[in-house]
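Residue numbers (full-length UniProt numbering): 1 to 560. C-beta atoms are modelled at their ideal positions from N, C-alpha and C, and glycine is treated no differently. Bear in mind that the values here come from a model prediction, so they are computed numbers and not experimental data. Taking it in order: structure first as C-alpha cells, then the write-up.
Spelled out as C-alpha cells, the structure:
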C-alpha cells in the first residue's frame with residue numbers, strides 16, 4: 001500500500017524461491033536463529049570478559065538481556081569501545097579501524113533515537129546540545145564534549161561463521177590491548193550454548209571453538225604493539241565548531257618563529273593525485289579548480305581510493321594559460337580536458353551525491369571516459385561540477401561564520417580547505433617509524449594526508465588551538481578537526497595499502513584519529529582572485545579558552 005506505482009510483483013514472486021533456498025541451505029529459520037544466536041552468545045561472552053591491565057573493561061555493551069535466550073535476544077551486539085580510563089572511543093574511529101581489517105560494522109543510532117538516548121543516558125537537553133554542535137543523523141560526529149552520540153553494532157547472519165566472530169574479536173584485542181594486556185588471562189567462555197540451540201549439521205564442530213585459548217591470545221599479541229612509546233595527548237574538548245572570540249587578536253607564542261606556508265596542493269580530480277603549486281588563485285569554493293571533477297562508476301556513483309586505490313596514480317595538472325587540464329598515468333598517453341565550463345552548451349546536467357550532499361554535474365565525454373576505463377580496468381566516467389549558479393546545491397551552512405553565510409563547496413567532503421602542520425607530521429613520523437621498524441619519508445606522509453595547505457609551525461599540533469587564521473589578505477575560519485579514514489593507509493606513489501598508518505595515528509592520538517584542521521573562507525566580494533603563495537606568513541587567532549602569550553618584541557608582533 002506504500003508502493004508508488006506498479007507493485008513490485010517480480011520481487012513478490014521471488015520470495016517463495018528465496019525461502020525455498022534458505023530452507024535447502026540451512027534447514028529453516030529455526031536453525032538460522034539457533035546458529036546466529038550461538039555466534040552472538042559466544043562473541044558477547046568474550047567481549048564482556050576483555051580487560052585492560054588495570055582491570056578496566058575494553059567495551060561497554062548495550063543490551064536488555066544477558067544473551068541467554070534466543071527467543072528474546074537477536075544476533076546483534078551493540079557496544080562502544082573504551083580506553084583504559086573508561087572513556088568512550090568515537091564510533092567513527094572504530095569504524096575506520098574495522099574497515100582496515102575488512103570488517104563491516106554499523107555505527108550511529110541505527111534509526112532508533114529512543115533506544116540510543118536511553119542506553120547512552122542522554123537527556124533531552126543533551127540531544128539538543130548535540131544538534132546545536134552540528135550533529136545530524138549519518139555524520140561522523142561521534143563525541144560531543146567527550147560523550148558518545150551513538151555506538152557500534154555487529155550483526156550475524158546465516159552465512160556468518162565462528163571464524164568471522166574470532167576475526168572480529170582478534171581485531172578488538174590487536175588494536176586495543178598491548179602485549180602485556182593480551183597475555184593476562186581472562187575468564188574464557190566455559191558454559192556452552194544448550195545443545196538444542198546448535199542444530200546445524202556442523203554444530204559439533206562449532207561448539208568446540210566456543211572459547212579463545214591462551215595460545216591464540218599469544219598469537220594475537222604478536223600483532224599488537226604497545227602504545228607506551230609515545231604518551232597520548234590529553235583529550236581535547238570534542239566541540240564540533242571552534243568558538244571564535246570577538247576580542248581575540250592574532251598572536252605568536254613567546255619566542256616563537258613565524259608560521260609560514262610550506263606547500264600548496266590542489267586535487268583537480270577528487271581522489272586522484274595531488275598537483276603541487278607555489279602560488280595559486282583562490283575562488284569562491286576554495287583553491288581554483290580544486291576537486292571540480294570526479295570519477296564515477298557505470299552507475300554514476302563516486303569512486304574514491306577506498307574502492308579503487310589506483311586512482312592515486314592518475315596525475316592531473318592545470319595549465320591556466322592554455323586553459324586545459326592535462327591528465328597523465330603510467331603506460332598511457334597524456335590526455336587533456338578543457339577548463340571551459342560546458343554547462344551552457346550541450347552537456348546534460350545530472351545530480352550526483354558526494355557524502356550525502358547533492359551536487360549538479362555534467363559528463364565530460366566519451367574520450368576521457370575511455371581513457372580512464374582503460375587505465376583503471378573498469379567502466380567509469382569523468383564528470384564535472386556544474387558552475388551554473390542556478391543549479392548549485394552543494395552548500396554548507398557553517399556555524400560561526402558571519403551572517404550565517406551558506407558556504408559553497410566543490411566536490412569536497414567537508415570543507416573548502418584542509419590544513420596540516422609539518423611539525424605534527426614529524427612527531428607522528430617518529431611513532432610510525434618505530435612501529436614499522438623502518439624509516440619513513442616525510443614527503444610520503446605529507447602526501448598521504450592529502451592537505452591543501454601545509455604549514456611550517458614551531459610546535460606540533462598547535463594548529464588545533466586555532467579558531468581562525470590569516471594568510472596575506474585571506475581570512476579563514478577553522479571549522480573543526482579532520483577525522484581520518486583508511487585513505488591515509490594508501491601510498492600515494494604506488495597505490496599500496498599499509499593499515500599500520502591509521503593504527504599508528506590512533507595509538508598516537510589517544511582516543512581519536514584526528515589529523516589536520518578544516519578551513520572555510522567567505523566568498524570573495526570582488527571580481528579579482530586572491531592568490532595563495534608558498535612562503536606567506538600565517539597569523540593564527542587562538543580559541544577563546546586558550547592561554548595567550550603576547551609577543552615580546554616588535555619582530556614577533558603580527559602584521560597584516
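- Counting of Cβ neighbours within 10 angstroms places residue 78 among the buried residues, the total reaching 16 or more.
- Annotation for residue 518: no alpha helix (DSSP H) segment contains it, though the beta strand (DSSP E) segment containing it runs 514-520.
- When the alpha-carbon of residue 488 is set against those of 444, 466, 509 and 313, the nearest one is in 444.
- If you check the CB distance, residue 130 and residue 144 come in under 8 Å.
- In this structure residue 264 is not in contact with residue 39, their Cβ atoms being roughly 51 Å apart against a cut-off of 8 Å.
- Shown here, residue 530 sits in a strand according to DSSP, grouped into three states.
- Residue 363 is bridged by DSSP to 383.
- Under DSSP, residue 78 forms a beta bridge with 62 and 153.
- Residue pairing by DSSP places residue 265 opposite 276 in a beta bridge.
- Cβ-Cβ distances below 7 Å link residue 140 to 92 and 483 in the same chain, with the five nearest sequence neighbours on each side left out; the list follows chain order.
- In this structure, DSSP gives residue 161 a state outside helix and strand, which the three-state scheme calls coil.
- Scanning 473, 415 and 454 for the CA closest to the CA of residue 519 turns up 415.
- The beta carbon of residue 425 lies closer than 7 Å to those of 442, 445 and 446 in the same chain, with the five residues before and after it left out.
- The three-state secondary structure of residue 370, taken from DSSP, is helix.
- Taking each of 45, 73 and 99 in turn and checking the Cα distance to residue 497, the smallest one comes out for 99.
- Under the 10 Å beta carbon count, residue 7 is surrounded by fewer than 16 other beta carbons and is classified as exposed.
- In the structure shown, the three-state DSSP call for residue 332 is coil.
- By the criterion of a C-beta distance shorter than 7 Å, residue 373 is surrounded in its chain by 379 and 380, once the five residues flanking it on both sides are discounted.
- Under the DSSP assignment, residue 476 falls in the beta strand (DSSP E) whose first and last residues are 474-483.
- By the criterion of a C-beta distance shorter than 8 Å, residue 164 is surrounded in its chain by 39 and 156, once the five residues flanking it on both sides are discounted.
- In the displayed model, residue 430 falls within a helix according to three-state DSSP.
- Contact between the stretch 495-515 and the stretch 328-335 is not established, with fewer than three Cβ pairs separated by less than 8 Å.
- Looking from the CA of residue 300, the closest CA among 60, 506, 499 and 369 belongs to 369.
- The shortest CA-to-CA distance from residue 271 to any of 542, 279 and 449 is the one to 449.
- No Cβ-Cβ contact shorter than 8 Å links residue 316 with residue 375.
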